[in-house]
Amino acid sequence: MITKNISILGSYTSKFGELWDKSLADLLFEAIGGVLKNSTVEPDQIDAIFVANMAAGSFNDQRHLNAIASQYFVHFPPAYRLEGACASGGLAVESAVLGLLSGMYKTVLVVGVEKMTDSEVSKVTEILATAANTNLEYGATFAALYALLTQAYQNKFGTNREQLSAVAVKNHRHALKNTNAQFQKEITIDQVNNSTVVSSPLRLLDCSPISDGSAAVILSVENVKNKPKIIGFGHGQDSIDLARRTNLTELKATKIAAEKAYRMAGLTAKDIAVAEVHDCFTIAEILAIEDLGFFAKGTGGIATAEDKTTFGGTIVINPSGGLKACGHPVGATGVKQIANIYELIAEDQYAVGLTHNVGGSGATAVVHIITK
Ligand code: COA
Numbered sequence: 001m002i003t004k005n006i007s008i009l010g011s012y013t014s015k016f017g018e019l020w021d022k023s024l025a026d027l028l029f030e031a032i033g034g035v036l037k038n039s040t041v042e043p044d045q046i047d048a049i050f051v052a053n054m055a056a057g058s059f060n061d062q063r064h065l066n067a068i069a070s071q072y073f074v075h076f077p078p079a080y081r082l083e084g085a086c087a088s089g090g091l092a093v094e095s096a097v098l099g100l101l102s103g104m105y106k107t108v109l110v111v112g113v114e115k116m117t118d119s120e121v122s123k124v125t126e127i128l129a130t131a132a133n134t135n136l137e138y139g140a141t142f143a144a145l146y147a148l149l150t151q152a153y154q155n156k157f158g159t160n161r162e163q164l165s166a167v168a169v170k171n172h173r174h175a176l177k178n179t180n181a182q183f184q185k186e187i188t189i190d191q192v193n194n195s196t197v198v199s200s201p202l203r204l205l206d207c208s209p210i211s212d213g214s215a216a217v218i219l220s221v222e223n224v225k226n227k228p229k230i231i232g233f234g235h236g237q238d239s240i241d242l243a244r245r246t247n248l249t250e251l252k253a254t255k256i257a258a259e260k261a262y263r264m265a266g267l268t269a270k271d272i273a274v275a276e277v278h279d280c281f282t283i284a285e286i287l288a289i290e291d292l293g294f295f296a297k298g299t300g301g302i303a304t305a306e307d308k309t310t311f312g313g314t315i316v317i318n319p320s321g322g323l324k325a326c327g328h329p330v331g332a333t334g335v336k337q338i339a340n341i342y343e344l345i346a347e348d349q350y351a352v353g354l355t356h357n358v359g360g361s362g363a364t365a366v367v368h369i370i371t372k
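Each step along the sequence shown adds one to the number in the UniProt record's numbering, with nothing skipped, and position 148 is 148.
Laid out in structure tokens, this is it:
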């Protein structure tokens, strides 16, 4: 059981995409200003800031982002930067919740940001690859690591090309309604099947893109009536390198994180109506919906191809378009997922929602459960 109310008081998400006219600081401040405007919280009520960012030091030559975030405020609240590859956002939200539960803070701001497109794609790929175990996996891009997971999964369960493609097609269709999405463009199974091979069997349209963007939420221990609340969270870790994993057809860190979050919330996978899951590659969504307990192992691809993960199905997965179509500014993603689910629960579109954020090829996973 979570010991205090953790209310979400507001959210903001910037446009995701290639944002040539915005700097890292522009995106950071846009999200901070946006979330304050979208809540009734005054700037001087912010007790602390948790900044999620993977690699501004490498992408933007900026390694002191917590200080820049604090500088937005006249009272310079204490600020922290959380870094856990693509799970930085989930870690920042989790750390903010721990700060609230400790009694140290009453109201905190979480902001995630990444500005990736100022670098050449080859440089971005190299920077992202530092989230793998560089001593043991040097030279492997993230697409290559997820391609290995895809091959292991296909060998065991026979998941076909169409089932992988169905994930990308569904998420692009969901993103049509999301004006912040990087791609508001429908794609077909044939287009995914015939897109350029990036790392076999993964193709261009199996991949999340390289993106700029930011997102923020404000959390409080105040029990604000009718405001969505975080009622459970979990954090799992597993071997950073694939060679030391016991099973390549699941992400153990996800299973651990989900089990902890469900236990804390007193719920099971069956209670979740909507989820934003970490679909950095199409195989990642298939693994996620199985490891989170929504579908049996080996059936995630079939369920997706049978429209069980879209509106009117068993559970709605990635209504925002997910990382695939909404975009993946790595440090912002985990915070954006919380913002997405908060907004859907606040509007009473669903009763209970879940977020699932993964770092690297599955070494870190963070799950949050939100309801009113
Ligand atoms: N999905 C859909 N379309 C994409 C895309 C993607 N992932 N990536 C690029 N595109 C589109 C571009 O918009 C562009 O379209 P246009 O010609 O209509 O303008 C076209 O494809 C070519 O884009 P380009 O910038 O040349 O692509 P690229 O080859 O430089 O990059 C990838 C493609 C797949 C290599 C890159 O998106 C990538 O590395 N993705 C993975 C990122 C990653 O690993 N994240 C961490 C996950 S753990």
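All residues carry an ideal CB built from backbone N, CA and C; glycine is no exception.
In the DSSP secondary-structure assignment, I230 is bridged to I370.
Under the three-state reduction of DSSP, C280 is assigned to coil, being neither helix nor strand.
As computed with DSSP, K115 is found in a beta bridge with D212. The shortest CA-to-CA distance from I256 to any of V41, V108, I46, A365 is the one to A365. Under the criterion of beta carbons closer than 8 Å, N53 and E114 qualify as touching, at roughly 6 Å. For S7, the enclosing beta strand (DSSP E) covers residues 7-13. In the three-state scheme derived from DSSP, where H, G and I count as helix and E and B as strand, V108 is classed as strand. DSSP, read as helix, strand or coil, puts Q237 in strand. Judged by their CB atoms, G362 and Q163 are not nearer to each other than the 7 Å cut-off. Spatial neighbours of V192 in its own chain (CB-CB distance under 6 Å, excluding positions within 5 residues in sequence) are listed in chain order as S165, A168, L205.
Looking at the DSSP output, C207 bridges to F281. Look at S361 here: in three-state DSSP terms it is coil, with no helix or strand label.
Counting along the chain, the unbroken alpha helix (DSSP H) around S70 starts and ends at 65-70. When rounded, the separation of the alpha-carbon atoms in I341 and V198 is 31 Å. Beta-bridge pairing by DSSP links F50 to Y80, V110. Between L251 and L287, the C-beta gap is smaller than 7 Å, which places the two residues in contact.
With a cut-off of 6 Å, the C-beta of C86 is classified as near the ligand COA, since at least one heavy atom of the ligand falls inside that distance. Segment contact: the stretch 97-115 against the stretch 26-45, three or more CB-CB distances shorter than 8 Å; contact assigned. I210 and T117 have their C-alpha atoms spaced approximately 7 Å apart. For V277, the distance from the CB to the nearest heavy atom of the ligand COA is not below 6 Å.
With a contact defined as Cβ atoms closer than 8 Å, K106 and D47 qualify at about 6 Å. Where V197 is concerned, the enclosing beta strand (DSSP E) starts and stops at 197-199.
Look at P319: its beta carbon is at least 6 Å from all of the heavy atoms in the ligand COA. Residue environment for L128: buried (at least 16 other C-beta atoms within 10 angstroms of its C-beta). For T355, the secondary structure class from DSSP, reduced to helix, strand or coil, is strand. Taking a 10 Å sphere around the C-beta of A243, we find fewer than 16 other C-beta atoms and assign the residue as exposed. Contact between Y262 and G232 holds, with the beta-carbon distance rounding to 7 Å and staying under 8 Å. Here the alpha carbon of T130 sits roughly 12 Å from the alpha carbon of G57. Annotation: the continuous alpha helix (DSSP H) that includes D190 extends over 189-193. Inclusion of L219 and I32 in the CB contact set at 7 Å is not warranted, their separation being larger than that value. G57 carries a helical assignment under DSSP once its states are collapsed to helix, strand and coil. Look at V74 here: in three-state DSSP terms it is coil, with no helix or strand label.
As a beta-bridge residue in DSSP terms, A275 pairs with I317, L354. For F157, the enclosing alpha helix (DSSP H) stretches over residues 142-157.
Residue state for V167 is assigned as helix, using DSSP reduced to three classes.
Contact between the stretch 149-156 and the stretch 266-284 is present, with at least three C-beta pairs closer than 8 Å.
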